[in-house]
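*Asks:* In the working numbering, the protein residues as written are 41 to 313.
1) Just how far apart, CA to CA, sit residue 268 and residue 172?
2) Among the residues of its own chain, which have a CB less than 6 angstroms from the CB of residue 165, if the five just before and after it don't count?
3) For residue 260, count the other beta carbons within 10 Å of its own beta carbon; 16 or more makes it buried, fewer makes it exposed. Which is it?
4) Distance check for residue 202 and residue 128, CA to CA, integer angstroms please.
5) Run through DSSP, which three-state label would residue 100 get?
6) Could you tell me whether the Cβ atoms of residue 249 and residue 181 are closer together than 8 angstroms?
7) Excluding the 5 residues preceding and the 5 following residue 178 in the sequence, name in chain order all residues of the same chain whose CB lies nearer than 7 angstroms to its CB.
8) Just confirm the distance between the C-beta atoms of residue 246 and residue 185, as a whole number of angstroms; I'd bet it's less than 8 angstroms.
9) Which two residues bound the contiguous alpha helix (DSSP H) that contains residue 186?
10) Could you pull out every residue in the same chain whose Cβ sits closer than 7 angstroms to the Cβ of residue 175, ignoring the five residues on either side in sequence?
11) Just to confirm my understanding: we take residue 109, look at its own chain, exclude 5 residues before and 5 after, and list those with CB closer than 7 angstroms. What are they?
12) Are residue 67 and residue 133 closer than 8 angstroms when you measure CB to CB?
13) Between the Cα of residue 78 and the Cα atoms of 194, 120 and 137, which residue gives the shortest distance?
14) Which residue marks the beginning of the alpha helix (DSSP H) containing residue 172, and which one marks its end?
15) Could you give the DSSP three-state label for residue 297: helix, strand or coil?
16) With a cut-off of 8 angstroms on the beta carbons, I'd call residue 142 and residue 167 a contact; round off their distance for me.
17) Determine the contact status of residue 123 and residue 162, defining contact as a CB-CB distance below 8 angstroms.
18) Should residue 255 and residue 296 be called a contact, given that it needs their Cβ atoms to be closer than 8 angstroms?
19) Please say whether residue 70 and residue 242 have beta carbons closer to each other than 8 angstroms?
20) Which value, in whole angstroms, describes the spacing of the CA atoms of residue 131 and residue 192?
21) According to DSSP, which residues form a beta bridge with residue 68?
22) For residue 61, which of helix, strand or coil comes out of DSSP?
23) Which partner residues of residue 251 appear in the DSSP bridge assignment?
24) Sort 310, 169, 273 and 253 by Cα distance to residue 299 and report the nearest one.
25) For residue 312, list the residues DSSP reports as bridge partners.
26) Ends of the beta strand (DSSP E) at residue 120?
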């Protein structure tokens, strides 16, 4: 029995290693984000993007049926302008994202939240803009941060980790991998929407988002005022939903402040052009 267990463990390791690839999804930028990421080939970018796009359209359809999908307000127009400028700069980090089918939509809701899912699907909730009285620069800070999560494929990375855990438990059957893949597909979008981001991923999104905003001509100092506003909102009886999936750390503002001098020349150049 012990020998059989060793054989199963060896097979498990072989399958896991053969399906894993180490990649860097983005260029480092002036902020220097160059961490290598472990991704499972069974959890492909195309599959994740397609799955999320379907969920995104379902969310929009539901909002539209409730009269909550906002396409015409001043805030909706502000979001589109800001998104266009940020998206134009995203290929500096990831050239292939120029082929993504980007979208940005505003949903009328008191929820203080925003998200950019895999493949460039952006959602903002009006409560975030209105209740925190966000400036264009602060909206760009939020959106840049969210776009950075998509560029770095943090969602796919989290799903790959979950896949590794599940495959490690199921592979002893030698047929559990395909079943796990199906289960992953069923739960993947929920995972992307609900799992808190790691401190490492948050830091990467902060830095890349800061540079994206600066390249697009938005003041990087707005990232500081944004997180100060978030912190004040979190002190209330109902902290923003955004904070549950993007946990704050005491070092966040200090890290942003340290990076601002690196991106300020990009902002100043963008303002001249």
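For glycine and all other residues, C-beta sits at the position ideal for the given N, C-alpha and C.
*Replies:* Reading off the structure:
1) 10 angstroms
2) 147, 149, 151 and 153
3) buried
4) 32 angstroms
5) helix
6) yes
7) 262, 265 and 266
8) 6 angstroms
9) 176-191
10) 262
11) 100, 103, 145 and 147
12) yes
13) 194
14) Counting along the chain, residue 172 falls outside any alpha helix (DSSP H), and DSSP gives it neither H nor E.
15) helix
16) Going by Cβ atoms, the distance from residue 142 to residue 167 rounds to 23 angstroms, so no, they are not a contact pair.
17) yes
18) no
19) no
20) 12 angstroms
21) Paired residue(s): none; residue 68 is not in a bridge.
22) strand
23) According to DSSP, which records beta bridges pairwise, residue 251 is partnered with nothing at all.
24) 253
25) Paired residues: none, contrary to the question.
26) Careful: residue 120 lies outside any beta strand (DSSP E), inside the alpha helix (DSSP H) at 114-129.
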